[in-house]
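Beneath this line is the structure, given in structure tokens, with notes to follow.
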Amino acid sequence: MDGNGRWAKKRGMPRTYGHREGAKVCKKIVNRCIDLGIKYLTLYAFSTENWKRPQDEVDELMRLFDKYLDEIFDNRKQKARILFLGDKAPFPAPLRVKMEKLERESEEYSDRTTVMFAMNYGGRDDIVHAARRAAQLVVEGGADPGDIDEKMLDSLLYTSGAADADLIIRPGGEKRLSNFLLWQSAYAELYFSDVLWPDFDEKELDKALNEFALRSRRFGGV
Ligand code: FPP
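The following block contains the structure:
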């Protein structure tokens with residue numbers, strides 16, 4: 640969800656204003672994906688590298704997550720399965736408790752859209768975390784190193800059980816993945832948009848989906 644800072648700066652406002660507007664967009668896009676029956680939506684909300692931002696920006700993002708998680712996921716309105724990708728340990732305790740509660744309480748919607756918030760997430764960290772767990776299975780669980788294969792590592796990732804990414808949408812003009820779903824994006828179609836995230840809306844999402852529908856996917860075959 641890139642471009643919040645630039646969007647705010649263009650309006651002579653602090654970067655945090657852009658994040659606030661970005662959070663509203665987040666809500667719209669979640670709704671649209673639920674309406675379309677999209678099975679998995681992953682939103683990159685906070686990377687393992689984002690802790691390096693000025694403390695006041697990090698604090699404001701934590702406040703926003705706390706506030707909007709309540710609003711976005713009023714389960715009575717939005718029946719979606721909610722998961723968080725990444726290590727929750729560094730988040731403030733009340734936020735962590737909220738994240739865990741949402742994961743628990745939304746379990747009953749497992750057959751509907753799953754919304755995954757990548758928070759304190761990094762694609763490399765995801766792979767390292769899975770590799771550590773695989774090593775643990777060898778050391779403690781009696782597994783053989785030869786048992787470690789793609790299927791096993793895949794099942795140990797934060798996205799365990801979810802499908803690979805089909806389409807990755809990056810708004811904000813940059814053309815890179817920035818450590819997002821590195822393993823899961825092996826055959827993802829990439830869509831780059833110059834629209835800054837606070838201006839991204841349902842129409843922009845539909846544009847990306849329409850282009851995706853025209854792509855020919857061969858997964859290495861012919
Ligand atoms: C990147 O834009 C955006 C972020 C690091 C934060 C994204 C978070 C939100 C949109 C709030 C989400 C709310 C919930 C409930 C998860 P940037 O700051 O790097 O923009 P820039 O490239 O213009 O500086």
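Letter 186 of the sequence shown, counting from 1, is numbered 825 in the working numbering, and no numbers are missing.
All residues carry an ideal CB built from backbone N, CA and C; glycine is no exception.
How big is the Cα-Cα spacing for residue i and residue j?
i      : j      : result
Gly661 : Lys790 : 35 Å
Asp793 : Ser745 : 23 Å
Tyr656 : Phe685 : 16 Å
Ile677 : Gly800 : 16 Å
Leu680 : Gly780 : 33 Å
Phe704 : Arg735 : 10 Å
Ala802 : Tyr826 : 11 Å
Arg809 : Arg772 : 30 Å
Gln775 : Lys842 : 46 Å
Gln694 : Asn849 : 39 Å
Arg726 : Ile807 : The sequence shown places Asp at residue 726, rather than the Arg named in the question. Roughly 22 Å separates the two Cα atoms.
Val778 : Val767 : 16 Å
Arg659 : Asn643 : 9 Å
Asp674 : Lys740 : 24 Å
Give the single residue among the options whose Cα lies nearest to the Cα of residue i.
i      : options                        : result
Thr753 : Gly761, Gly651, Ser832, Glu742 : Glu742
Val664 : Ser855, Asp838, Asn759         : Asp838
Arg751 : Cys672, Lys814, Met652         : Cys672
Trp646 : Arg854, Val834, Ile766         : Val834
Glu747 : Asp786, Val861, Lys846, Arg720 : Arg720
Ala852 : Glu841, Met701, Tyr830         : Tyr830
Trp822 : Arg654, Gly811, Gly812, Thr798 : Thr798
Trp836 : Asn670, Leu675, Tyr683         : Tyr683
Asn818 : Arg659, Arg650, Glu688, Ala773 : Glu688
Lys737 : Lys718, Arg771, Arg763, Arg702 : Arg702
Glu696 : Pro653, Ile668, Asn670, Lys649 : Pro653
Asn670 : Lys718, Val861, His658         : Lys718
Leu763 : Val861, Pro784, Leu820, Asp783 : In the sequence as presented, Leu is not what sits at residue 763; that position holds Arg. Checking every option, the nearest Cα to that of Arg763 belongs to Leu820.
Where does residue i fall in DSSP's three states?
i      : result
Thr752 : coil
Arg645 : helix
Gly651 : coil
Arg856 : coil
For chain B, find out if any of its Cβ atoms is closer than 7 Å to the Cβ of residue i; answer yes or no.
i      : result
His768 : Among the chains of the structure shown, chain B does not appear; only one protein chain is present.
My guess is that residue i and residue j are in contact by the Cβ rule of under 8 Å, so how many angstroms apart are they, rounded?
i      : j      : result
Ala638 : Leu724 : Lying outside 640 to 861, the shown extent of the chain, residue 638 is not represented and no answer is given.
Asp845 : Glu828 : So it is not a contact: roughly 15 Å between Cβ atoms.
Asp641 : Gly811 : 3 Å
Leu796 : Asp765 : 5 Å
Ala847 : Ser832 : 7 Å
Ala666 : Glu710 : This sequence places Lys at residue 666; Ala is not what is there. With a Cβ gap of about 7 Å, Lys666 and Glu710 count as contacting.
Asn759 : Pro731 : That pair is no contact at about 12 Å.
Met755 : Leu722 : 5 Å
Could you pull out every unbroken alpha helix (DSSP H) segment of at least 4 residues lying fully inside the stretch 755-839, listed in chain order?
Fully enclosed alpha helix (DSSP H) runs of 4 or longer: 762-780, 789-795.
Unbroken beta strand (DSSP E) runs of length 3 or more, entirely within the stretch 661-745: which are they?
Fully enclosed beta strand (DSSP E) runs of no fewer than 3 residues occupy 679-686, 720-724 of the stretch 661-745, in order along the chain.
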